[in-house]
Structure formats: C-alpha cells, structure tokens
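Worksheet: the structure to be examined is printed underneath.
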Amino acid sequence: MNLVEKQLYHAPRNNRYILLISAVLVVLFAWSITAVNIENLEQSGMSIAGSILKGIISPDLDLLLATGTQGVAYLLVETIAIAFLGTIIGSILAIPLAFFSASNVVPKPVAFITRLLLIFIRTVPALVYGLMFIRVTGPGPFAGVLTIAVISIGMLAKLYVDAIEDLDTSIFESMTSIGCTTFEKIRYGIIPQLFSVFLSIMIYRFDMNLREASILGLVGAGGIGAPLIFAMNAYRWNEVGSILIGLVVLILIVELTSNKIRTKLVRG
Amino acid sequence: MIEFKNVEKKYPNNVKALEDINIQIPKGEFVAVIGLSGAGKSTLIRCINRMHDITRGKLIVDGIDIGKLRGYEIRKFRQRIGMIFQSFNLVTRISVLKNVLVSLVPELSAWRKVTGIFSREHKIKALTALEQVGILDKAFVRVDQLSGGQQQRVALARTLAQNPEIILADEPIASLDPVTSKQVMNDFKRINEEMGITVIMNIHHVEIALEYAHRILGVRDGRIVYDGSAKDVTEEVLDHIYKGREDVMKEVEGEKVYV
Amino acid sequence: MYDKIFPPKKIVLASGSVVKEKRSRTPIILVLVIVGLILSFRFTNFDFQQLMSRWYEFFVIIGDMIPPKWEYFPSLWQPLLDTIKMSILGSFLGAVVAVPVAFLASTNIIKAKIITMITKVFLSILRTMPTLVSALIATFIFGLGTLAGTVAIFLFTLAYVGKLLYEQIENASMEAFEAMESIGMNKLQAFRYAIFPQILPNYLSTSLFCFEGNVRYAAILGYVGAGGIGLLLNEGLGWRDYASVGMILLMLAITVFLIETISEHFRKKLT
Numbered sequence: 001m002n003l004v005e006k007q008l009y010h011a012p013r014n015n016r017y018i019l020l021i022s023a024v025l026v027v028l029f030a031w032s033i034t035a036v037n038i039e040n041l042e043q044s045g046m047s048i049a050g051s052i053l054k055g056i057i058s059p060d061l062d063l064l065l066a067t068g069t070q071g072v073a074y075l076l077v078e079t080i081a082i083a084f085l086g087t088i089i090g091s092i093l094a095i096p097l098a099f100f101s102a103s104n105v106v107p108k109p110v111a112f113i114t115r116l117l118l119i120f121i122r123t124v125p126a127l128v129y130g131l132m133f134i135r136v137t138g139p140g141p142f143a144g145v146l147t148i149a150v151i152s153i154g155m156l157a158k159l160y161v162d163a164i165e166d167l168d169t170s171i172f173e174s175m176t177s178i179g180c181t182t183f184e185k186i187r188y189g190i191i192p193q194l195f196s197v198f199l200s201i202m203i204y205r206f207d208m209n210l211r212e213a214s215i216l217g218l219v220g221a222g223g224i225g226a227p228l229i230f231a232m233n234a235y236r237w238n239e240v241g242s243i244l245i246g247l248v249v250l251i252l253i254v255e256l257t258s259n260k261i262r263t264k265l266v267r268g
Numbered sequence: 001m002i003e004f005k006n007v008e009k010k011y012p013n014n015v016k017a018l019e020d021i022n023i024q025i026p027k028g029e030f031v032a033v034i035g036l037s038g039a040g041k042s043t044l045i046r047c048i049n050r051m052h053d054i055t056r057g058k059l060i061v062d063g064i065d066i067g068k069l070r071g072y073e074i075r076k077f078r079q080r081i082g083m084i085f086q087s088f089n090l091v092t093r094i095s096v097l098k099n100v101l102v103s104l105v106p107e108l109s110a111w112r113k114v115t116g117i118f119s120r121e122h123k124i125k126a127l128t129a130l131e132q133v134g135i136l137d138k139a140f141v142r143v144d145q146l147s148g149g150q151q152q153r154v155a156l157a158r159t160l161a162q163n164p165e166i167i168l169a170d171e172p173i174a175s176l177d178p179v180t181s182k183q184v185m186n187d188f189k190r191i192n193e194e195m196g197i198t199v200i201m202n203i204h205h206v207e208i209a210l211e212y213a214h215r216i217l218g219v220r221d222g223r224i225v226y227d228g229s230a231k232d233v234t235e236e237v238l239d240h241i242y243k244g245r246e247d248v249m250k251e252v253e254g255e256k257v258y259v
Numbered sequence: 001m002y003d004k005i006f007p008p009k010k011i012v013l014a015s016g017s018v019v020k021e022k023r024s025r026t027p028i029i030l031v032l033v034i035v036g037l038i039l040s041f042r043f044t045n046f047d048f049q050q051l052m053s054r055w056y057e058f059f060v061i062i063g064d065m066i067p068p069k070w071e072y073f074p075s076l077w078q079p080l081l082d083t084i085k086m087s088i089l090g091s092f093l094g095a096v097v098a099v100p101v102a103f104l105a106s107t108n109i110i111k112a113k114i115i116t117m118i119t120k121v122f123l124s125i126l127r128t129m130p131t132l133v134s135a136l137i138a139t140f141i142f143g144l145g146t147l148a149g150t151v152a153i154f155l156f157t158l159a160y161v162g163k164l165l166y167e168q169i170e171n172a173s174m175e176a177f178e179a180m181e182s183i184g185m186n187k188l189q190a191f192r193y194a195i196f197p198q199i200l201p202n203y204l205s206t207s208l209f210c211f212e213g214n215v216r217y218a219a220i221l222g223y224v225g226a227g228g229i230g231l232l233l234n235e236g237l238g239w240r241d242y243a244s245v246g247m248i249l250l251m252l253a254i255t256v257f258l259i260e261t262i263s264e265h266f267r268k269k270l271t
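As they're listed, the protein sequences go chains P, X and Y. Take the first sequence: its position 204, counted from the start at 1, is 204 in the UniProt record's numbering, and no numbers get skipped. Take the second sequence: its position 13, counted from the start at 1, is 13 in the UniProt record's numbering, and no numbers get skipped. Take the third sequence: its position 257, counted from the start at 1, is 257 in the UniProt record's numbering, and no numbers get skipped.
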C-alpha cells in the first residue's frame with residue numbers, strides 16, 4: 001500500500017468519525033433544549049433588566065467609597081483575607097495528599113485510593129462545605145476560611161502531583177557522590193525543584209479562591225457575598241452595582257498581578 | 001593513590017561485572033577508561049567512591065580500605081572525591097551558584113542546612129570554582145537557561161568547590177557536541193595539570209581519550225585488557241579492546257589452517 | 001527599584017574578580033506574607049481553639065450522610081438530568097457565540113482598536129462575575145428555573161472560551177491569512193480558511209474543559225433558584241436531612257467523574 005492509498009483509506013474513516021460525533025452532539029443539543037421552559041418568563045423581565053443596568057451604571061458611591069465595616073472596601077478586604085488564609089491552609093493540607101497520590105512515591109493502590117478521595121473532596125460544592133463548617137464555627141468569615149481551604153485541596157493536590165511525578169531524580173546520584181544524607185537530598189534536591197512550581201500553583205488557586213470567597217456569603221460564611229445577595233433581594237440595584245464594580249476591579253487586579261508573578265516564577 | 005587488589009564485582013543476579021582487577025593509579029594521573037558499552041567501565045569507576053560495593057578483593061584509596069567504611073564514614077570519604085555525570089545532574093530550576101553550593105552542604109551547621117543560608121566564605125568558594133571553569137558571569141542565571149556545555153561546567157564547578165583529590169567522570173561529554181566536548185575536556189586537562197587532581201574518566205570517544213589522557217585502561221567483559229600509556233595505543237590495541245572476541249576467533253581459525 | 005534601596009552585595013574573590021550579588025527578596029516577601037497572615041487571622045476571626053474543640057461537628061455531618069438515603073434516588077433523576085441539560089445547552093451556545101466575539105477581540109484581525117478594546121473589557125468583566133451571581137441576576141430577569149441557570153452558564157462559557165480563543169487567534173500564524181486576503185478573500189473568509197483550522201483543536205479542547213467545570217457549577221445554581229439539582233441540595237441542607245444530601249452528593253460525584261472521564265478522553269485525542 002503506498003502513501004496515497006493509505007491516505008485515501010484513512011480519510012473517509014476519519015470523516016465518518018467526525019460525522020458520528022456531530023450527530024451525537026446534535027442529539028444532545030436537541031435533548032438539552034427540552035430543559036428550558038419559557039413559560040416561566042415573567043413579563044416584568046425586561047423592565048427589571050433595565051433597572052439592573054441602570055443601577056450598575058449609577059452605583060451607590062457612598063457605599064463604594066465608605067471606609068466603615070459596611071463599606072465595599074472593608075468587605076473586599078475581608079474577602080481577600082478569607083481567600084488568602086484559605087489558600088495557605090489548603091496548600092499545606094494538599095502537600096501530604098499529593099505525595100500519597102503520586103505513583104512514583106507510594107504503591108499504586110495507595111495512590112489510587114488517595115486519588116478517589118480527592119475526587120470526592122473536589123465534587124462537593126463549596127456551598128455545602130460552607131454550611132457544614134458553619135456547624136463547627138458558627139456563621140462568619142472563619143467558616144469561609146475553612147471552606148476555601150477544603151475546596152482548594154482537590155485541585156491543588158492534583159496539580160502538585162504532576163510536579164511530583166515530573167521530579168528529576170538524577171540529582172540524587174550526584175548528591176550521593178557528594179556525600180549527602182537523605183535529609184540533605186530532600187532539602188537541596190527535591191524542595192528546590194518543587195518550590196517554585198508549588199508557589200505558582202498556589203497563586204493560581206488564590207486567584208480562583210477569591211471568586212469562590214465572593215459567593216460564600218450566600219450561606220453566611222463571610223465575605224462580600226452576603227451584602228450582595230441582600231441588596232439583590234431588596235432590589236437595591238445601585239448597591240448591587242457598587243459591590244459588583246468593587247469585586248470585578250479587585251478580581252481583575254489580582255488576576256493581572258498573579259499572572260505576572262507566575263510567569264516570572266516559571267521563567268525564572 | 002588508588003589501588004585495586006584482585007577486585008571482583010558480582011551483581012545480585014550473579015552477573016559478573018568486574019573480575020580480577022589489579023591496578024594502581026598514582027596521584028595526579030589522567031586516566032581514561034575505554035571499552036564497549038556494558039564492558040564494566042561505569043562499574044569500575046563507581047566502585048572507587050563506593051557508589052557500588054565490590055564483592056571480593058580490596059580497594060584502597062590513600063591507604064584507606066574503603067570496603068570497611070560504614071554510613072557516616074562513607075559520606076565523609078565521598079566528600080573527598082568529586083563525580084561528574086553524563087546527564088549533568090543539576091537542579092535546573094535554581095541558579096548556577098545555588099547548584100554549586102550544594103556540594104558544600106555536608107559541611108554546613110544544622111541551622112544553615114535547614115534554612116539554606118550560606119556564609120560569605122562558602123559563596124566565595126563556590127564563585128571561585130565557577131571562575132576556574134570560566135563561567136563566573138553566569139553565577140546568578142538559572143541553570144535551565146544554559147547550554148549543555150555550560151551545564152557540564154556548572155557540574156564541574158560543583159565538584160571543584162568540594163576541593164576533591166580525585167575526580168571521577170562517567171561519560172562527561174557523551175551528550176555534548178564536538179566543540180563543547182573539547183572545551184569541557186580542556187577544563188578537565190587544566191584541572192588535572194594545574195591543581196594536580198587525579199582524573200579518572202569513562203569515555204567512548206577514543207580519539208579524545210588518546211588526545212587528553214596520560215594513561216588508558218581498556219576494559220572488556222569486566223577485565224582490564226590493556227593498561228598503558230596513551231602514546232602506545234595502536235590500532236591493534238584498540239582492536240584488542242573493542243573486538244576481542246573476533247580476534248580470538250580468527251586466531252583459532254588460523255591455527256586450524258596452519259596445524 | 002528594590003535593588004536601589006538595598007544595593008547589591010559585593011563579593012571579592014581571591015583572584016581579584018568582583019561579583020555583585022543582588023540582595024535576596026526572600027526576607028521582604030516573608031515579612032509581607034507574615035503580615036498578611038496576621039491581618040487575615042484578625043479579619044476572619046480565626047479561632048484555633050474553637051477549631052480544635054469543635055472540628056468533630058464537621059465529621060458528625062459526614063457521618064449523617066453515610067449511608068445515603070437510597071430511596072431518594074428516583075426523585076433525583078429528573079433534576080440531575082436538568083442540571084446536565086443546562087450545562088450542555090449553556091456550554092454549547094456559549095462556545096459557539098465565543099467564536100465571533102473572540103474574532104472581534106483579536107487585534108491581529110480587527111484593526112479598529114476601539115472594537116477590540118470594548119470586546120476584551122466586556123469579556124473580562126463577564127469572566128470575573130461569579131456564576132452564582134450572574135445566575136441570581138438571571139433569575140430576576142428570566143424567572144426561577146432552568147432558563148436562568150442556562151443563561152448563567154452560557155455567559156460564563158462565552159467569557160472563558162472567548163478569552164482563551166482570542167489569545168490563540170492572536171498567537172496564530174498570520175502568513176496564510178495575509179496570503180488569502182491578498183488573493184481577494186474578505187476577512188471572514190480568510191479567517192475561516194487560514195486561522196480557524198489552526199485554532200480548532202485547541203478551541204474544542206477548551207470548550208470541553210469548560211463544560212466539565214460547568215457541570216460542577218450547574219449543580220449549585222439551583223441554590224439561588226436557577227434550576228437543577230441544587231434546589232434539592234438547598235432543601236436537604238435546610239431541613240438538615242443529611243442522608244438525602246449524601247445521596248445527592250454521591251450522584252453528583254459519579255456524574256462529574258463520568259463526564260470528566262469522557263471529556264478527558266476526547267481532549268487527549270484533540271491534542
């Protein structure tokens with residue numbers, strides 16, 4: 001079979017495959033449309049949309065610039081504090097779990113079981129954890145910190161594992177020849193390889209946690225979410241506007257800085 | 001002075017890697033070990049710093065019977081012997097200087113070991129080693145931004161900072177291009193001549209081995225089949241080292257013809 | 001800046017060479033992190049003693065979830081399917097609409113800076129809005145139910161896929177595009193034949209990845225009345241009926257795991 005025949009043979013098979021996938025997609029799409037019922041659509045929808053837009057465009061400046069504990073600035077700082085502390089605690093908790101699910105560190109069955117555990121930890125929505133931790137600490141930002149810590153573990157551990165499985169172990173050979181002890185090999189052979197990668201992962205997760213922390217207020221776990229929801233439920237759209245503006249600006253700033261730091265960490 | 005006395009090395013699966021090795025390497029010599037892959041070159045070198053344990057015979061380095069060393073003593077002993085590898089074995093995510101400083105780690109005090117804060121004297125030692133291999137200007141660059149030749153020089157500097165009496169090199173130029181190979185070999189030569197450090201090197205580039213080394217050890221099937229000056233190595237000697245078996249076959253055939 | 005405040009340390013070697021070592025940034029970063037930690041402990045009323053004395057409460061709830069209430073399974077079916085439908089529809093529409101939006105945001109194709117700027121700002125704002133918040137706003141406009149949830153997922157997908165897509169378009173090789181423009185194609189045609197094939201595998205992979213995440217998000221949207229299984233989750237938690245919550249979480253875990261496995265399979269094929 002020469003190359004041309006080979007290509008000819010391959011082409012239609014590939015086409016059929018794409019056709020099949022497309023057909024499945026169309027069916028899935030048609031099926032999913034049935035979930036949407038437009039009967040619920042309220043007549044007032046458009047006018048509400050209008051007032052929301054108006055509120056966001058003309059935000060409540062007093063709230064936006066207030067310095068007290070009710071002001072946007074304070075609430076944002078509280079949200080940052082929840083995300084920051086939660087990220088730190090989560091990153092530390094994730095380290096042992098990551099090593100226990102790295103197949104080049106522990107036996108395969110142990111790694112598998114730890115991975116399964118991580119999948120479960122990851123699936124439970126943040127709000128559920130939030131409500132569970134409120135039982136421990138009572139409502140407030142403390143519950144938020146614990147929630148953020150736990151929901152970060154899954155993803156952090158998963159990303160850590162990739163770095164651990166990529167470890168370059170050839171350095172051990174030369175450290176043995178230098179006369180290093182096991183502790184020295186870990187301190188100067190492993191930690192330098194993992195440190196900047198782990199840090200970069202942590203910063204990435206902090207970025208995400210800030211978004212998560214901003215909705216925890218919904219279940220009473222502190223942060224800017226609660227005042228946002230209250231304002232919405234009371235149709236005070238200009239308050240909603242000022243909170244959203246503060247939130248969006250903060251998240252954008254954090255995202256930009258974190259991207260910069262991470263490129264620096266990776267490129268050195 | 002390194003002395004092999006009837007050294008034999010058997011792997012746990014009973015494969016004999018070294019057999020009947022009897023050699024002496026005086027201080028300051030530049031020795032190249034040549035032979036086919038799997039002949040036992042690497043094992044021979046790694047026995048000297050106890051990366052491999054010998055199964056019979058004696059290996060004496062500067063009057064110390066290294067077979068008798070235990071735990072801490074082995075580590076102490078290894079600090080006197082530098083080792084260079086084919087794959088450089090550096091931590092690529094950190095700076096050149098930090099890589100060189102690794103070789104000084106065993107002599108640090110406990111708190112310095114944990115925090116990784118090195119004293120000025122240690123930094124000067126490491127920087128001096130970098131200057132000796134000519135890459136002082138790269139001291140604060142991350143290793144992953146260096147070329148292969150530069151990385152091997154960092155490894156060489158790391159070894160020099162250890163202030164070794166002997167340097168063992170396991171195929172140090174195998175993953176380098178010809179030009180950088182020459183540069184790295186010149187570094188070895190300078191280190192050998194100017195500092196009087198013994199260099200024992202595994203190498204499969206025969207011409208380079210003959211050009212730089214004083215003495216050639218030819219290894220075939222775990223035995224030393226040639227031991228002599230690099231100047232005396234002829235085509236026949238190389239054939240003897242590399243194609244030993246075929247020679248024997250020919251001889252046998254020859255006998256059949258003439259007998 | 002930092003090097004001006006703390007000038008580099010000079011190290012003189014025996015040979016006379018001088019090496020300038022920049023001051024380590026580690027100490028100042030360490031100080032900042034510690035200050036940040038202390039402030040965060042204050043702001044969040046972190047109470048280690050409380051945690052130590054009451055942590056078991058957390059596991060009491062987990063204990064209540066096990067065993068899950070199996071007989072709850074039949075009534076979960078419909079809302080779970082709704083959740084999946086919401087994610088599929090929202091992700092699909094979002095990914096499709098993301099193409100023209102990303103096209104408008106790419107500086108190498110659209111020369112009018114004002115258009116690319118506005119589109120990019122729009123995408124950024126959309127992306128920073130937490131899904132739950134946009135879902136809540138959507139319930140005010142579209143009423144309670146799956147439509148609001150679908151809209152929220154649609155918006156998030158649009159923002160996420162849109163951003164990654166315009167980054168890829170801007171990094172795509174322009175030679176073919178220019179060649180096709182020079183033989184008389186218009187921008188849209190040239191894009192279709194020169195850029196689109198370059199970005200297609202990545203685009204599909206990103207969309208699939210976003211879909212995976214969306215299933216998780218969709219699961220909680222019901223919490224604010226935007227349809228799906230979140231509504232039952234809310235009820236279960238409200239009534240402290242943890243065995244039912246356990247059942248819901250188990251179902252969710254299985255669904256998410258299945259969808260991730262399938263999607264990962266296709267994503268691996270694409271790259």
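Using N, Cα and C, we set each Cβ at its ideal position, and we do this for glycine too.
For the alpha helix (DSSP H) assignment, the uninterrupted runs of no fewer than 4 residues enclosed by the segment 95-172 of chain Y are, from N- to C-terminal side, 113-128, 131-142, 146-171.
Relative to the Cα of P/Val254, the nearest Cα in the group P/Phe84, P/Ser58, P/Leu19 belongs to P/Phe84. Closest in alpha carbon position to X/Asp62, among X/Phe85, X/Ile2, X/Ile54, X/Ile208, is X/Ile2. Taking a 10 Å sphere around the C-beta of P/Leu228, we find 16 or more other C-beta atoms and assign the residue as buried. Neighbours of Y/Val19 in chain X, taken as residues at a C-beta separation under 8 angstroms, are given in chain order as Leu127, Leu136, Ala139. Note on the segment 7-90 of chain P: whole alpha helix (DSSP H) runs with a minimum of 4 residues are 45-57, 61-65, in chain order. In terms of CA proximity to Y/Phe156, Y/Leu123 leads the group Y/Leu123, Y/Gly145, Y/Met174, Y/Ala172. Judged by DSSP secondary structure, X/Arg220 falls within the beta strand (DSSP E) whose first and last residues are 215-220. Here Y/Ile61 is buried, its C-beta having at least 16 other C-beta atoms within 10 Å. P/Ile80 has its alpha-carbon roughly 33 angstroms from the corresponding atom of Y/Asp241. In the structure shown, X/Asn49 adopts coil according to DSSP, grouped into three states. With a minimum length of 4 residues, the unbroken runs of alpha helix (DSSP H) contained wholly in the segment 140-167 of chain X fall at 148-161. Put simply, the CB of Y/Lys163 is far from chain P, with every gap to its CB atoms at 8 angstroms or more. In the structure shown, P/Ala234 falls within a coil segment according to DSSP collapsed to helix, strand and coil. Here X/Val199 carries a strand assignment [DSSP, helix/strand/coil].
Shown in chain order are the members of the segment 78-97 of chain X whose Cβ falls below 9 angstroms from a Cβ of chain P: Arg78, Gln79, Arg80, Ile81, Gly82, Met83, Ile84, Phe85, Ser87, Phe88, Asn89, Leu90, Val91, Thr92, Arg93, Ile94, Ser95. Counting along the chain, X/Ser229 sits inside the beta strand (DSSP E) bounded by residues 223-229. If you look at X/Gln132, you'll find it isn't in any beta strand (DSSP E); it sits in the alpha helix (DSSP H) that goes 120-132. The beta carbon of X/Lys113 does not come within 8 angstroms of any beta carbon belonging to chain Y, so the residue lies off that interface. For the segment 168-184 of chain P, residues whose beta-carbon sits nearer than 9 angstroms to a beta-carbon of chain X comprise Asp168, Ser170, Ile171, Phe172, Glu173, Ser174, Met175, Thr176, Ser177, Ile178, Gly179, Cys180, Thr181, Phe183, Glu184. Any Cβ of chain P closer than 8 angstroms to the Cβ of X/Lys76 would place that residue at the interface, and such an atom is present. What P/Ser196 touches in chain X, judged by beta-carbon distance under 9 angstroms, is Arg93, Ile94, going in chain order.
Taking the Cβ atoms as the reference, P/Gly144 lies roughly 10 angstroms from P/Ala226, outside the contact range of under 8 angstroms. When Cβ-Cβ separations below 8 angstroms define contact, Y/Met247 makes no contact with chain P. Taken through DSSP and simplified to helix, strand or coil, X/Ala169 comes out as strand. A direct Cα-Cα distance of roughly 22 angstroms separates X/Pro12 from P/Ser177.
For a Cβ distance threshold of 8 angstroms, residue set Phe43, Thr44, Asn45 of chain Y lies close to P/Pro141, ordered along the chain. Here P/Gly86 is near P/Asn209, since their CB atoms are less than 8 angstroms apart. DSSP places Y/Lys69 outside both helix and strand once states are collapsed to three, so it counts as coil. For X/Ala157, the closest alpha carbon among the candidates X/Ser181, X/Ile45, X/Leu104 is that of X/Leu104. Annotation: Y/Leu270 to P/Ala231 spans about 45 angstroms, alpha carbon to alpha carbon.
Excluding its 5 nearest sequence neighbours in each direction, X/Glu8 has C-beta neighbours in its own chain below 8 angstroms: Lys16, Leu18, Glu19, Asp20, Ile21, Ile54, Thr55, Arg56, Gly57, listed in chain order. Between P/Ser170 and the set X/Asn163, X/Phe88, X/Ile241, the nearest pair of CA atoms involves X/Phe88. For X/Gly57, the enclosing beta strand (DSSP E) has its first and last residue at 56-61.
Straight-line measurement puts the Cα of X/Glu207 at about 20 angstroms from the Cα of X/Thr198. The segment 137-155 of chain Y and the segment 219-227 of chain Y touch, with no fewer than 3 CB-CB distances between them shorter than 8 angstroms.
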